[in-house]
Amino acid sequence: MPATILHADLDAFYASVEQLLNPDLRGKPIAVGGGVVLAASYEAKAFGVHGGMSGRKARELCPQLIFTGGNFAEYQRLGDAAIAVLHDYTPAVERISIDEAFADVAGCTHLFGSPETIAATIRRRVRDELGLPISVGVAGTKHLAKIASQVAKPDGLVHVAPGTEMDFLRDLPVGLMWGVGPVTERKLKEEGIETIGQLAATPGRSLRGLLGDAAGDKLADLASNRDSRKIVTHKRARSAGAQSALGHKPATQATIKPTLRHLADRVTSRLRAKALAGRTITIRVRFADMRAVTRSMTLDAPISATVMVAEIAEELVRAALADHPRERFISLLAVSVSHIDDQPHIQLELPLGLPDEKRRPGARQGAARWSADRAMDKARDRFGRDSIGYAVTQLEKRKSVPDAFRELAEKDLGR
DNA sequence: TCTGGGGTCCTAGGACCC
DNA sequence: TCTGGGGTCCTAGGACCC
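Residue numbering for the first sequence follows full-length UniProt numbering, beginning at 1 and increasing consecutively.
#1: Could I get the ranges of all uninterrupted alpha helix (DSSP H) runs contained in the region 115-178, with 4 residues as the minimum, in chain order?
#2: Less than 8 Å separating the beta-carbons of Val17 and Tyr75?
#3: For Asp171, which residues from the same chain have a beta carbon less than 6 Å from its beta carbon, with the 5 sequence-adjacent residues on both sides left out?
#4: Nearest-angstrom Cα distance between Leu10 and Glu100?
#5: Pull the bridge partners of Arg295 from the DSSP assignment, please.
#6: Whose C-beta lies closer than 6 Å to the C-beta of Asp341 among residues of the same chain, with five residues either side of it excluded?
#7: Using alpha carbons as the reference points, say which of Pro258, Met177, Leu130 lies closest to His314.
#8: Considering only their Cβ atoms, is the gap separating Ala31 from Ala12 smaller than 8 Å?
#9: Between Ser338 and Thr280, is the Cβ-Cβ spacing less than 8 Å?
#10: Do Phe102 and Leu408 have their C-beta atoms closer together than 8 Å?
#11: Can you have a look at Arg272 and say buried or exposed, based on whether 16 or more other CB atoms are within 10 angstroms of its CB?
#12: Going by alpha carbons, who is nearest to Phe329 out of Asp104, Ile256, Asp227, Thr294?
#13: Phe287 to Ser331, Cα distance in whole Å?
#14: Ignoring anything shorter than 4 residues, give me the alpha helix (DSSP H) runs that lie fully in the region 11-48, in order along the chain.
#15: Excluding five sequence neighbours on each side, which residues of the same chain lie with their C-beta closer than 7 Å to the C-beta of Leu21?
#16: Answer with buried or exposed for Thr294, where buried requires no fewer than 16 other C-beta atoms within 10 angstroms of its C-beta.
#17: May I ask you to report which of helix, strand or coil DSSP gives Leu332?
#18: With a cut-off of 8 Å on the beta carbons, I'd call Ala8 and Ser114 a contact; round off their distance for me.
#19: Can the beta-carbon of Val126 be found less than 8 Å from the beta-carbon of Ala82?
#20: Note down the Cα distance separating Asp217 from Leu207, rounded to an integer number of angstroms.
#21: Please list, in chain order, all residues of the same chain as Val105 whose beta carbon is under 7 Å from its beta carbon, the five residues on each side excluded.
#22: Going along the chain, which residues of its own chain have a beta-carbon closer than 6 Å to the beta-carbon of Ala319, five neighbours each way excluded?
#23: Since Leu6 sits in a beta bridge, which residues does DSSP pair it with?
#24: Decide yes or no for the touch test of the region 130-137 against the region 145-164: beta carbon pairs closer than 8 Å, at least 3 of them.
#25: Starting from Glu407 and walking both ways along the alpha helix (DSSP H), at which residues does that stretch end?
#26: Decide if Ala39 is buried, meaning its Cβ has at least 16 other Cβ atoms within 10 Å, or exposed.
#27: If you run the structure through DSSP and keep just helix, strand and coil, what is Ser304?
#28: For Phe67, which beta-bridge partners are listed by DSSP?
#29: Three-state secondary structure (DSSP) at His262?
#30: In three-state terms, what does DSSP make of Thr195?
#31: Given this structure, state the Cα-to-Cα distance separating Arg369 from Ala305, to the nearest angstrom.
#32: Mind reading off the beta-carbon distance from Gly79 to Gly55? Whole number of angstroms is fine, and I expect it under 8 Å.
#33: Which residue or residues does DSSP assign as beta-bridge partners of Arg95?
#34: Using only CA atoms, which one of Arg284, Phe405, Asp265 lies nearest to Arg374?
#35: Can the beta-carbon of Leu222 be found closer than 8 Å to that of Trp178?
#36: Kindly indicate which three-state DSSP category Gly247 falls into: helix, strand or coil?
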């Protein structure tokens with residue numbers, strides 16, 4: 001199999017952008033974020049600082065760590081620009097996140113040279129034109145290209161030539177594989193499996209028993225370099241959600257109602273913008289001790305009106321709390337909509353279509369509410385997101401994370 | 001300053017149907 | 001009448017990814 005798959009991954013992306021924008025930060029340990037580290041520069045990583053770590057822990061590990069504010073608009077612009085460089089070579093680009101993408105250059109080597117040459121050109125252009133380091137892996141499969149780019153970091157290029165795949169994988173730790181997180185890594189280690197080579201030599205039957213059928217099969221395939229996944233350029237979202245960390249709040253309606261309204265508003269406005277709606281509403285409540293529970297309800301028809309999602313979410317949260325009467329404080333609420341479908345007008349028929357159990361009081365006004373929501377969406381498009389909203393959500397201005405960052409994390413819902 | 005926010009996929013049990 | 005098997009959908013929980 002010719003090695004035409006590229007995986008390109010910007011190095012320590014947010015931190016690199018900050019160092020690009022502010023030369024004083026170059027060569028220094030920096031962290032983007034505050035309460036939690038969103039990204040760390042390589043200088044900070046040398047101290048053990050990494051994304052997801054609390055700011056306090058990071059400061060303990062690296063007292064001279066510099067925290068810097070987020071230039072979120074620049075992250076988006078530069079991330080888009082780097083992906084655009086890939087698109088200069090092939091339309092077969094699958095973007096994974098703001099700073100990472102696969103590309104298949106099989107159809108353009110006659111124009112631009114070997115995959116390795118194209119990868120080197122991309123790296124040079126991103127460095128010259130954007131000022132950012134980017135690592136690229138070149139291999140015959142997505143899984144191998146992804147591992148190659150991780151091995152290439154920082155600021156490197158690794159090509160896995162056809163025929164050398166198993167030599168490349170054999171001694172690498174299983175933790176580098178897609179799908180192996182802390183839990184799986186521990187289970188494998190308990191069986192004496194620490195390298196990908198050892199994993200490849202393990203009978204599939206044992207892996208299925210250890211990790212479950214799907215995960216066992218998947219890992220067995222990947223370890224033996226059987227990965228047939230193609231580049232997918234357009235993907236439809238399967239769910240859309242929003243969450244808010246609350247610190248330590250009493251589990252009362254005064255806390256819950258405005259928060260759920262705000263979250264429902266965030267989720268449904270994104271759905272409406274793409275003329276989408278969803279049938280399943282899921283809420284998540286995290287208690288003070290970080291244990292979390294979820295409750296969900298599936299309707300017969302998709303909805304996207306703010307108030308309808310909010311009211312269902314309230315009912316579900318009430319039910320979840322009723323099941324845990326001793327939990328007096330909550331630390332997070334989340335709302336998610338799944339079973340997404342592109343039937344924007346089905347909502348108009350909702351009051352007639354639902355069985356008694358699901359024909360809740362608010363449903364009769366579904367059409368009117370949907371229309372009111374759309375009017376509000378349009379006003380926001382013109383005057384800005386904060387210009388208008390349900391009064392109760394307007395009170396909810398205490399933000400743990402800027403909206404701009406939330407938007408970076410949002411996936412395009414597709415369509 | 002006790003750990004952010006947005007996603008995907010899988011599992012297991014129960015309800016329900018054939 | 002009893003027992004068994006297979007399939008689909010829903011719900012709750014978990015692991016993992018960026």
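All C-beta atoms, glycine included, are put in the ideal place defined by N, C-alpha and C.
Per the coordinate set shown:
#1: 115-125, 142-152, 165-170
#2: Along the first sequence, one-based indexing puts residue 17 at 17. Along the first sequence, one-based indexing puts residue 75 at 75. A contact, by the Cβ cut-off of 8 Å.
#3: As a first step, residue 171 is located in the first sequence; it is residue number 171 there, counting from the start. Excluding positions up to five away in sequence, the list reads Thr195.
#4: Reading the first sequence from its first residue, position 10 is the one you call residue 10. Reading the first sequence from its first residue, position 100 is the one you call residue 100. So the two alpha carbons sit approximately 6 Å from each other.
#5: Position 295 of the first sequence, counting from 1, holds the residue named residue 295. Paired residues: Ile283.
#6: Numbered from 1 along the first sequence, position 341 holds the residue referred to as residue 341. Pro302, listed in sequence order.
#7: To locate residue 314, count along the first sequence from 1; it is residue 314. According to the sequence displayed, residue 314 carries Glu and not His. Checking every option, the nearest Cα to that of Glu314 belongs to Pro258.
#8: Reading the first sequence from its first residue, position 12 is the one you call residue 12. Reading the first sequence from its first residue, position 31 is the one you call residue 31. Contact: no.
#9: Working through the first sequence from its first residue, we reach residue 338 at position 338. Working through the first sequence from its first residue, we reach residue 280 at position 280. Yes. Within cutoff.
#10: Here residue 102 corresponds to residue number 102 of the first sequence, with the count starting at 1. Here residue 408 corresponds to residue number 408 of the first sequence, with the count starting at 1. In this structure, Leu408 does not lie closer than 8 Å to Phe102 by Cβ.
#11: For the purposes of this step, residue 272 is identified with residue 272 of the first sequence, where counting begins at 1. Answer is buried; the Cβ neighbour count reaches 16.
#12: As a first step, residue 329 must be located in the first sequence, where it is residue number 329. Selected option, being the one with the closest Cα: Ile256.
#13: Mapped onto the first sequence, residue 287 falls at position 287. Mapped onto the first sequence, residue 331 falls at position 331. Those two C-alpha atoms are separated by around 5 Å.
#14: 13-21, 42-45
#15: Here residue 21 refers to the residue found at position 21 of the first sequence. Excluding positions up to five away in sequence, the list reads Asn71, Glu74.
#16: Looking up residue 294 in the first sequence gives position 294. The residue in question, Thr294, is exposed, as its Cβ has fewer than 16 Cβ neighbours within 10 Å.
#17: Sequence index remark: in the first sequence, residue 332 carries index 332 (1-based). The answer is strand: DSSP assigns Leu332 an E or B state.
#18: Start at 1 with the first residue of the first sequence, and residue 8 comes out as number 8. Start at 1 with the first residue of the first sequence, and residue 114 comes out as number 114. With a Cβ gap of about 16 Å, Ala8 and Ser114 do not count as contacting.
#19: Here the question's residue 126 lines up with position 126 in the first sequence. Here the question's residue 82 lines up with position 82 in the first sequence. Result yes, Cβ atoms of Val126 and Ala82 sit closer than 8 Å.
#20: On the first sequence, residue 217 is found 217 positions in, with the first residue counted as 1. On the first sequence, residue 207 is found 207 positions in, with the first residue counted as 1. Asp217 and Leu207: Cα-Cα distance of roughly 7 Å.
#21: Counted from its first residue, the first sequence places residue 105 at position 105. If we look at Val105 and ignore the five residues flanking it on each side, its Cβ neighbours are Thr4, Leu6, Tyr89, Thr90, Pro115, Ile118.
#22: Residue mapping note: residue 319 aligns to position 319 of the first sequence, counting from 1. Result list for Ala319: Arg295, in chain order.
#23: Here the question's residue 6 lines up with position 6 in the first sequence. Beta-bridge pairing links Leu6 to Ala103, Val138.
#24: yes
#25: To locate residue 407, count along the first sequence from 1; it is residue 407. Here the alpha helix (DSSP H) through Glu407 covers 403-409.
#26: Residue mapping note: residue 39 aligns to position 39 of the first sequence, counting from 1. Per the 10 Å Cβ criterion, buried.
#27: Here residue 304 corresponds to residue number 304 of the first sequence, with the count starting at 1. Coil at Ser304, not helix or strand.
#28: On the first sequence, residue 67 is found 67 positions in, with the first residue counted as 1. Ala31, per the DSSP bridge assignment.
#29: Along the first sequence, one-based indexing puts residue 262 at 262. Correct three-state label for His262: helix.
#30: In the first sequence, residue 195 corresponds to position 195, counting from 1. Three-state result, Thr195: strand.
#31: As a position in the first sequence, residue 369 is number 369, starting the count at 1. As a position in the first sequence, residue 305 is number 305, starting the count at 1. Arg369 and Ala305: Cα-Cα distance of roughly 6 Å.
#32: What you label residue 79 is simply residue 79 of the first sequence in a count that begins at 1. What you label residue 55 is simply residue 55 of the first sequence in a count that begins at 1. About 24 Å separates the two Cβ atoms, so there is no contact after all.
#33: Stepping through the first sequence from its first residue, residue 95 is reached at position 95. Answer is Ala101.
#34: Sequence index remark: in the first sequence, residue 374 carries index 374 (1-based). When each option's Cα is compared against that of Arg374, the closest is Asp265.
#35: For the purposes of this step, residue 222 is taken as the residue at position 222 of the first sequence. For the purposes of this step, residue 178 is taken as the residue at position 178 of the first sequence. Yes.
#36: Reading the first sequence from its first residue, position 247 is the one you call residue 247. It is a strand residue.
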